[in-house]
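No gaps in the numbering here: position 131 of the sequence shown is 533 in our numbering, and each next residue is one more. We put the CB at the ideal spot given by N, CA and C, even for glycine. The next block holds one structure in the form of structure tokens; read it before the comments.
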Amino acid sequence: MILGGLGCPNLQNPDGSLGAVFAATAGVAQAWYGGAADPLAVADAAPASTAEARLCESVESGHSNQDQSAQIAARPGITAEPFRIDSQCKYAAVARGDASIYLRLPTRADYREKIWDHAAGKFVVEQAGGVVTDVTGAPLDFSHGAALQANSGVVATDGRFHDQVIEAVQAVLG
Numbered sequence: 403m404i405l406g407g408l409g410c411p412n413l414q415n416p417d418g419s420l421g422a423v424f425a426a427t428a429g430v431a432q433a434w435y436g437g438a439a440d441p442l443a444v445a446d447a448a449p450a451s452t453a454e455a456r457l458c459e460s461v462e463s464g465h466s467n468q469d470q471s472a473q474i475a476a477r478p479g480i481t482a483e484p485f486r487i488d489s490q491c492k493y494a495a496v497a498r499g500d501a502s503i504y505l506r507l508p509t510r511a512d513y514r515e516k517i518w519d520h521a522a523g524k525f526v527v528e529q530a531g532g533v534v535t536d537v538t539g540a541p542l543d544f545s546h547g548a549a550l551q552a553n554s555g556v557v558a559t560d561g562r563f564h565d566q567v568i569e570a571v572q573a574v575l576g
């Protein structure tokens, strides 16, 4: 059995409360928040079009290239302000539908993401119906030790427009 879990103590919930726990097993993603004793089902809420999507990215500009993120968002006509949060809460935001796209763009050619920053979040998003790859569209490869050596950056989406997002990423990153 594979289990992925995210603890997001400062993530604001739809009911206004703070703090959520997300857990996923094969085919099921659930969340507990707002004092709910029973888990709530989590499923990506895909927008009607890519232009209606909301981008999620790190608050820290050193963690992802925010200028490039803005260029990527502009290509399909996304106009919503980015949802900026840190930690694996970005994955929780995509899984719950607070955002449709999470971009973690490379800030240097030699940087590789650490597996512990992405493994659980990737699994939660995928079990909610989303897709997670690197910036080229390749699956994340966790088999090379502590870092995603075979990958560059991360793109997580609600799944519906993943290929369009990857095309926009490739157009901007060249």
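Out of Ala422, Pro416 and Asn415, which has the shortest C-alpha to C-alpha gap to Leu408? Ala422
Sort Ser502, Asp417, Ser545 and Ala549 by Cα distance to Asp512 and report the nearest one. Ala549
Given a cut-off of 8 Å, decide if Arg486 and Val461 are closer than it, judged by their beta-carbon atoms. yes
Which residue spans inside the region 518-572 form an unbroken beta strand (DSSP E) run of at least 3? 533-535 and 556-559
Distance between Thr535 and Pro449 (C-alpha atoms, nearest Å): 20 Å
Considering only DSSP beta bridges, list what Ala494 is partnered with. In DSSP, Ala494 forms no bridge with anything.
Is Ala552 near the ligand NAD - that is, is its Cβ less than 7 Å away from at least one heavy atom of it? As presented, the structure is devoid of all ligands, the ligand NAD included, so that no description of it is given.
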